[in-house]
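Colleague:
In my numbering, the protein residues as written are 22 to 279.
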């Protein structure tokens, strides 16, 4: 099914991935891993990504990490390399080794939908602070339900159950990066689908903004299906139906303007 309706320019996606890890956050380290996460979670990226299991050896030893082939550069913000001002530069992945700098990034991006990855050791310290200072960032403004968009990435999940249980409505724990990436990709797609439906419920419907978010959802769902090797036929069918309705609305608006 082709969706080629001409729509007005839309701003960049309003989400950001913030990653706090003493090792991954260092500039020049695990660049393939970080670029993979940045590209896969960016619904506007047209870069072709091949995910290949590769044993890094020195990275949590028992884990399998991701290698990618890049055709285009991706801007990944590292701690201290760029000013953390959302209006000044477009990036979707910002990495940190320092809790204070990470919290400053939260402050500067609190108007965005934040998907937060943390190591287990730093998460034990920073998650209580984040949910005290930025709980609204992890709460749906319409339903008041918590977002499970804090991702704890650790070697041994059992080491972190004691503190993580207190925040189980907000946290998902992973010990494999591929599983974390696919889950986050799906979660971001779900977020854009919810946003698109709310835009369509407005009076009048905001068809242009909804179209972009539905297109982003479609792309992220396709990526999730390929990563997990599962069928997303039902979910994509729903998105396609909504896209058809939006296209009709955009066409009607265009005809009325003529």
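Glycine included, C-beta positions come from ideal geometry on N, C-alpha and C.
Based on the DSSP output, what are the partners of residue 134 in its beta bridges?
Modeller: Counted from its first residue, the chain shown places residue 134 at position 113. DSSP output for residue 134 lists 36 as bridge partner(s).
Colleague: So which of 166, 197, 175 and 147 has the shortest CA-CA distance to residue 190?
Modeller: What you label residue 190 is simply residue 169 of the chain shown in a count that begins at 1. That would be 166, whose Cα lies nearest to the Cα of residue 190.
Colleague: Using the three-state DSSP reduction, which class does residue 217 fall into: helix, strand or coil?
Modeller: The residue labelled residue 217 in the question sits at position 196 within the chain shown. Here residue 217 sits in helix by DSSP.
Colleague: Which residues in the same chain as residue 139 place their Cβ atom closer than 8 angstroms to its Cβ, once the five residues preceding and following it in sequence are excluded?
Modeller: Walking along the chain shown from the start, residue 139 turns up at place 118. Excluding positions up to five away in sequence, the list reads 40, 41, 42, 147, 148, 171, 172, 173 and 174.
Colleague: Closest Cβ-Cβ distance between residue 238 and chain B: below 9 angstroms?
Modeller: Looking for chain B here will not work: only one protein chain is present.
Colleague: Answer with buried or exposed for residue 183, where buried requires no fewer than 16 other C-beta atoms within 10 angstroms of its C-beta.
Modeller: In the chain shown, residue 183 corresponds to position 162, counting from 1. Residue 183 comes out exposed.
Colleague: Measuring only from the beta carbon, is residue 250 closer than 8 angstroms to any heavy atom that is part of the ligand SAH?
Modeller: The ligand SAH is not among the ligands present in this structure, which contains no ligands whatsoever.
Colleague: Please report the straight-line C-alpha distance between residue 153 and residue 67, rounded to a whole angstrom.
Modeller: For the purposes of this step, residue 153 is taken as the residue at position 132 of the chain shown. For the purposes of this step, residue 67 is taken as the residue at position 46 of the chain shown. Roughly 37 angstroms between the two C-alpha positions.
Colleague: DSSP beta-bridge partners for residue 174?
Modeller: Taking the first residue of the chain shown as position 1, residue 174 is located at position 153. In the DSSP output, where bridge partners are listed per residue, residue 174 has 140 and 195.
Colleague: Helix, strand or coil: which one does DSSP assign to residue 164?
Modeller: Within the chain shown, residue 164 is the residue found at index 143, counting from 1. Here residue 164 carries a coil assignment [DSSP, helix/strand/coil].
Colleague: Check whether the Cβ atoms of residue 117 and residue 135 sit closer than 9 angstroms, and answer yes or no.
Modeller: Looking up residue 117 in the chain shown gives position 96. Looking up residue 135 in the chain shown gives position 114. Not closer than 9 angstroms, so no.
Colleague: Whole angstroms is fine: what's the gap from residue 268's alpha carbon to residue 236's?
Modeller: Taking the chain shown and counting its residues from 1, the one referred to as residue 268 is at position 247. Taking the chain shown and counting its residues from 1, the one referred to as residue 236 is at position 215. Each residue's alpha carbon lies about 12 angstroms from the other.
Colleague: Can you check which of these residues, 37, 222 and 247, is closest to residue 200 by C-alpha distance?
Modeller: On the chain shown, residue 200 is found 179 positions in, with the first residue counted as 1. Among 37, 222 and 247, the Cα nearest to that of residue 200 is on 247.
Colleague: Going along the chain, which residues of its own chain have a beta-carbon closer than 8 angstroms to the beta-carbon of residue 219, five neighbours each way excluded?
Modeller: Walking along the chain shown from the start, residue 219 turns up at place 198. Excluding residues within five positions, the ones whose Cβ falls inside 8 angstroms are 163.
Colleague: Which residues in the same chain as residue 106 place their Cβ atom closer than 7 angstroms to its Cβ, once the five residues preceding and following it in sequence are excluded?
Modeller: Residue numbering aside, residue 106 sits at position 85 when the chain shown is read from its first letter. Low confidence applies here, because residue 106 scores a pLDDT of 41, under 50, leaving its location unreliable; read the following figure in that light. Correct list, in chain order: 129.
Colleague: Using the DSSP secondary-structure output, state which residues sit across from residue 41 in a beta bridge.
Modeller: Translated into positions along the chain shown, residue 41 becomes position 20. Paired residue(s): 117 and 139.
Colleague: Hey, residue 113 and residue 36: beta-carbon distance below 9 angstroms or not?
Modeller: Within the chain shown, the letter at position 92 stands for residue 113. Within the chain shown, the letter at position 15 stands for residue 36. Their beta carbons are under 9 angstroms apart, which means residue 113 touches residue 36 by this criterion.
Colleague: Determine the contact status of residue 213 and residue 238, defining contact as a CB-CB distance below 9 angstroms.
Modeller: Along the chain shown, one-based indexing puts residue 213 at 192. Along the chain shown, one-based indexing puts residue 238 at 217. It is a contact, given that the beta carbons lie within the stated cut-off.
Colleague: Kindly indicate which residue of 131, 210 and 34 has the alpha-carbon position closest to the one of residue 253.
Modeller: Translated into the one-based positions of the chain shown, residue 253 becomes position 232. Considering only alpha carbons, the answer is 210.
Colleague: Relative to the alpha-carbon of residue 38, which residue among 49, 64 and 227 has its alpha-carbon at the smallest distance?
Modeller: Counting from 1 along the chain shown, the entry for residue 38 is found at position 17. Across the set 49, 64 and 227, the C-alpha of 64 shows the shortest separation from the C-alpha of residue 38.
Colleague: Can you look up residue 66 in the DSSP assignment and give me helix, strand or coil?
Modeller: Numbered from its first residue, the chain shown carries residue 66 at position 45. Coil.
Colleague: Give the DSSP-derived three-state secondary structure of residue 181 in the structure shown.
Modeller: What you label residue 181 is simply residue 160 of the chain shown in a count that begins at 1. DSSP places residue 181 in coil when its eight states are reduced to three.
Colleague: Tell me the residue span of the alpha helix (DSSP H) that contains residue 46.
Modeller: Residue 46 sits at position 25 when you count from the first residue of the chain shown. That residue, residue 46, is in no alpha helix (DSSP H); it is neither H nor E in DSSP.
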